[in-house]
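Right, one structure below, let's go through it.
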Amino acid sequence: MSRSRTERLVNLVICLLSTRRFLTAAQIAATVPGYEHDPDDAREHEAFQRKFERDKAELRELGVPLETGTASVFDAEPGYRIAHREYALPDIPLEPDEAAAVGIAARLWQHAGLAAAASSGLAKLRAAGVDVDPQATLGLEPMVTVDPAFAPLTAAARDRREVTFDYRVPDRDAPTRRRLQPWGVVCWRGRWYVVGHDRDRAATRCFRLSRVTGAVRVTGAPGGYEPPAGVDLISHVAAWSGPVERTGRATVLATPGRAAGLRRWAVQCVPGPDGDRLVLPYADPESLAGHLVGYGPDVRVLDPPEVRDAVIQRLKEIAVRHDELAVAGGAR
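Residue numbers for the sequence shown follow the UniProt record's numbering, so the first one is 1 and each next one is one higher.
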């Protein structure tokens with residue numbers, strides 16, 4: 001299944017889950033990204049109908065309880081919705097590490113281009129006077145910052161396409177051009193890395209995404225290579241990056257009873273009238289900042305300035321990203 005069709009199906013499911021009334025095909029076409037067409041153009045409308053029929057069949061094959069009906073006895077055109085009672089999952093108990101993994105995946109969802117489009121679709125439903133379930137929109141646009149190279153490199157790894165990019169290392173003044181057959185992108189110790197076969201060095205290499213400068217260019221055809229079977233990307237990154245020496249110490253102020261994860265990490269915890277002062281060992285201020293912003297207003301950095309400045313920069317990036325998504329949603 002193509003990426004565009006996958007995104008369209010996901011957005012269709014979100015749309016139909018977000019309202020309890022039946023939506024007509026025309027309302028869906030005007031709401032869900034991927035169905036845009038001119039209804040007065042016979043060819044375009046016929047193409048939309050074929051696409052919509054295929055997508056309905058696909059959802060039903062996947063077990064999605066798609067219902068057909070009308071909002072009232074006066075409606076001549078049938079509509080569609082998803083039955084909440086049949087689609088909802090039972091309670092799934094998760095261990096803390098499993099819940100954390102699910103949370104990370106949810107935060108990354110927006111960077112696949114899904115959350116912004118879904119949110120825009122729900123805004124269109126509201127504008128059309130359709131009652132949208134507010135609970136269905138929770139978590140659609142969680143904010144997390146990833147490097148600009150994240151999306152093109154994950155797409156290239158998925159499609160098995162060779163890429164080129166300029167890469168900067170700390171001990172060199174100018175970036176160098178790299179040719180890579182990416183196998184996958186992984187997160188290790190708060191940083192994102194791409195692992196793959198370096199064409200120029202004829203060896204496996206890891207590259208930190210924050211050091212990629214400029215645009216990632218796709219140069220190879222889809223399916224141009226095959227990664228080694230059973231390759232462990234994390235092991236490659238761990239061996240390449242070496243052990244972390246947490247020689248730094250950061251002091252943060254935590255709300256009493258909150259930030260349990262930081263409390264387990266802290267080497268010192270001193271209760272006070274304005275909160276609990278936690279001393280955290282760290283190796284990289286930016287990596288620590290990325291972890292701290294996840295606790296929101298429950299944590300405030302007191303010292304050192306490099307960590308406080310890194311947290312402020314992360315929050316500014318999140319605010320800019322949020323504004324960009326809001327503008328993009330209003331323009332659709």
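Each residue gets a CB set at the ideal place from its N, CA and C atoms; glycine is no exception. Predicted model only: the values in this text are computed from it and were never measured.
Can you give me the Cβ contacts of residue i inside the same chain, cut-off strictly under 6 Å, excluding the 5 residues immediately before and after it?
i, result
"Val270", "Arg277"
"Ala149", "Leu209, Val212, Val216"
"Lys246", "What sits at residue 246 in the sequence shown is Arg, not Lys. Closer than 6 Å at the Cβ level, and outside the excluded window around Arg246, lie Pro281, Tyr282, Ala283."
"Tyr295", "Ala259"
If residue i sits next to residue j, beta carbons under 8 Å apart, how far is it from one beta carbon to the other, in whole angstroms?
i, j, result
"Arg81", "Leu23", "7 Å"
"residue 340", "Thr154", "Because the chain in this structure spans residues 1 to 332, residue 340 falls outside the shown range and cannot be described."
"Leu288", "Ala250", "6 Å"
"Leu17", "Leu59", "Wrong, their Cβ atoms sit about 11 Å apart, outside the cutoff."
"Phe207", "Tyr193", "6 Å"
"Pro182", "Ala157", "4 Å"
"Glu306", "Pro273", "Not confirmed; about 27 Å, so no contact."
"Arg205", "Gly196", "7 Å"
"Pro152", "Asp166", "Contact flag wrong, Cβ pair sits at about 13 Å."
Considering just the uninterrupted stretch of the beta strand (DSSP E) at residue i, what are its terminal residues?
i, result
"Leu302", "299 to 303"
"Arg277", "275 to 282"
"Pro271", "268 to 272"
Spatial neighbours of residue i within its chain, please: C-beta separation below 8 Å, excluding the five flanking residues on both sides.
i, result
"Arg308", "Val301, Leu302"
"Ala47", "His37"
"Leu138", "Low confidence applies here, because Leu138 scores a pLDDT of 40, under 50, leaving its location unreliable; read the following figure in that light. None."
"Thr68", "Phe22, Pro78, Gly79, Tyr80"
"Thr164", "Arg177, Arg178, Arg179, Leu180, Val216, Arg217, Thr219"
"Phe52", "Ala25, Ile28, Ala29, Tyr35"
"Glu44", "His37, Asp38"
"Asp200", "Arg178, Arg179"
"Gln49", "Ala25"
Can you tell me which of the three DSSP states residue i falls into?
i, result
"Asp159", "helix"
"Leu253", "strand"
"Gly79", "strand"
"Ala319", "helix"
"Thr24", "strand"
"Tyr35", "coil"
"Leu62", "coil"
"Asp55", "helix"
"Arg8", "helix"
"Arg246", "coil"
"Arg211", "helix"
"Ala127", "Bear in mind that a pLDDT of 47 at Ala127, under 50, signals an unreliable position, so the number given afterwards is only what the model happens to contain. Ala127: helix per DSSP, three-state reduction."
"Arg178", "strand"
"Pro152", "helix"
"Ala221", "coil"
"Ala202", "coil"
"Ala115", "The predicted model places Ala115 with a pLDDT of 48, which falls under 50 and marks its position as unreliable, so this point remains unresolved."
"Val185", "strand"
"Asp40", "coil"
"Gly296", "helix"
"Cys15", "helix"
"Glu67", "strand"
"Asp166", "strand"
"Val231", "coil"
"Ile312", "helix"
"Gln110", "Reliability of the predicted coordinates at Gln110 is poor, the pLDDT of 47 falling under 50, and no value is obtained from them."
Please work out which residues of its chain come closer than 7 Å, Cβ to Cβ, to residue i, disregarding the five sequence neighbours upstream and downstream, and give them in chain order.
i, result
"Asp159", "Pro222"
"Lys56", "Leu66"
"Gly275", "Leu253, Ala254, Thr255, Pro256"
"Val311", "Ala289, Leu292, Val293, Val301"
"Pro227", "Trp183"
"Pro304", "Ala250"
"Asp298", "Ala254, Thr255, Arg258, Ala259"
Give the range of the alpha helix (DSSP H) segment to which residue i is assigned.
i, result
"Pro285", "285 to 292"
"Arg264", "260 to 265"
key: the segment 280 to 287 / the segment 261 to 271 touching (three or more Cβ pairs under 8 Å)   = yes
message = With three or more C-beta pairs closer than 8 Å as the rule, is the segment 245 to 261 touching the segment 223 to 235?
response = no
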